[in-house]
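Peer 1: Before I ask anything, let me first share the structure, which is written out below as structure tokens.
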Amino acid sequence: MLNRKFAAVAIAAGIMFGTSGCNFMSPIATMEVYTPGDGTSTDFGDIAARNIFILVTPSGQTALFGSFINQGTASTTFEYEIAGQTFSQNLQAGEKLDIGFNGKNALPISGLNQMAGSLADVTFKSGSAVVKDTIPLLDATFAEYAPLVNSINVIAPTEAPN
């Protein structure tokens, strides 16, 4: 009778540890650093680029979306080059520049003959800091991008973010 009790306890303990063993060894997922968006995020000098991506319309027009933040204590001029075009921006200390969000226009990119799903090369520069990265090209496949893709058609090619 005593053997049956020990056997029952051993089986129960085995099941308990067998089904919860992953919790003893798994890394904590909330401690993983990741970009919570579809775009590219990187830091170069005092500038932080966040959720940078390009949307493509069915007719092939492309426009840049994302945000840049000056994390420094002084005004900073920075550049980014995409498809042979160089764009220059100046941000005051702590200032955030939204492109295509919060009432700001997206930045049309001409000469980018790539399809949605591909990656475009980009070079970010601020002072002596130079970072080469890639930016995803997306389309209206996801419903949340449809209004943004539709807004590209009304952007004049000469408009740049302010």
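Going by my numbering, 78 is the number at position 78 of the sequence shown; the sequence numbering is gapless.
Positions of the beta carbon are idealized from the N, C-alpha and C atoms, including for glycine.
Bear in mind that the values here come from a model prediction, so they are computed numbers and not experimental data.
1. DSSP three-state label for residue 95, please.
2. Take residue 119 and list the residues in its own chain whose beta-carbon comes closer than 8 Å to its own, dropping the five residues that flank it on each side.
3. As a quick exercise: from 77, 149 and 30, pick the residue whose alpha carbon is nearest that of residue 97.
4. Quick one: what's got a C-beta closer than 6 Å to residue 71's C-beta in the same chain, skipping five residues either side?
5. Are the stretch 7-17 and the stretch 31-42 touching, with three or more C-beta to C-beta distances below 8 Å?
6. What is the rounded straight-line gap between the Cα of residue 51 and the Cα of residue 149?
7. Residue 159: buried (16+ other C-beta within 10 angstroms of its C-beta) or exposed?
8. When the distance is taken between beta carbons, is residue 109 closer than 7 Å to residue 83?
9. Residue 58 by DSSP, collapsed to three states: which one?
10. From 104, 90 and 74, pick the residue whose C-alpha is nearest to that of residue 64; which is it?
11. From the DSSP output, in three-state form, read off residue 81 for me.
12. Let me check understanding here. Comparing Cα to Cα, which of 114, 132, 126 and 124 lies closest to residue 166?
13. I think residue 39 touches residue 66, with their Cβ atoms under 8 Å apart; what is that distance to the nearest whole Å?
14. Return the first residue and the last residue of the beta strand (DSSP E) that residue 28 is part of.
15. Among residues of its own chain, excluding the 5 on either side of residue 74, which ones have a beta-carbon nearer than 6 Å to its beta-carbon?
16. Would the beta-carbon of residue 44 fall within 7 Å of that of residue 129?
Peer 2: Well, looking at it:
1. DSSP, reduced to helix, strand and coil, places residue 95 outside both helices and strands of the structure shown, so it counts as coil.
2. Cβ within range, chain order: 134, 135, 136 and 137.
3. Closest option to residue 97, Cα to Cα, is 77.
4. Taken in chain order, the residues that qualify are 46 and 48.
5. Result no; under three Cβ-Cβ pairs closer than 8 Å.
6. The alpha-carbon atoms of residue 51 and residue 149 are separated by roughly 16 Å.
7. With a pLDDT of only 46 at residue 159, under 50, the local geometry of the prediction cannot be trusted, and the value read off the model is given with reservation. Burial is judged here by how many other beta carbons sit within 10 angstroms of a residue's own beta carbon; residue 159 has fewer than 16 and is exposed.
8. Result yes, Cβ atoms of residue 83 and residue 109 sit closer than 7 Å.
9. Looking at residue 58 - three-state DSSP - the assignment turns out to be coil, as it is neither helix nor strand.
10. Selected option, being the one with the closest Cα: 104.
11. In this structure, residue 81 counts as strand in the three-state DSSP scheme.
12. No information on residue 166 is available, as it lies outside the stretch 1 to 162 that the chain covers here.
13. Approximately 6 Å separates the beta-carbon atoms of residue 39 and residue 66; this is inside 8 Å, confirming the contact.
14. Going by DSSP, residue 28 is part of no beta strand (DSSP E) at all; its letter is neither H nor E.
15. The residues are 93.
16. Using a Cβ distance threshold of 7 Å, residue 44 and residue 129 count as a contacting pair.
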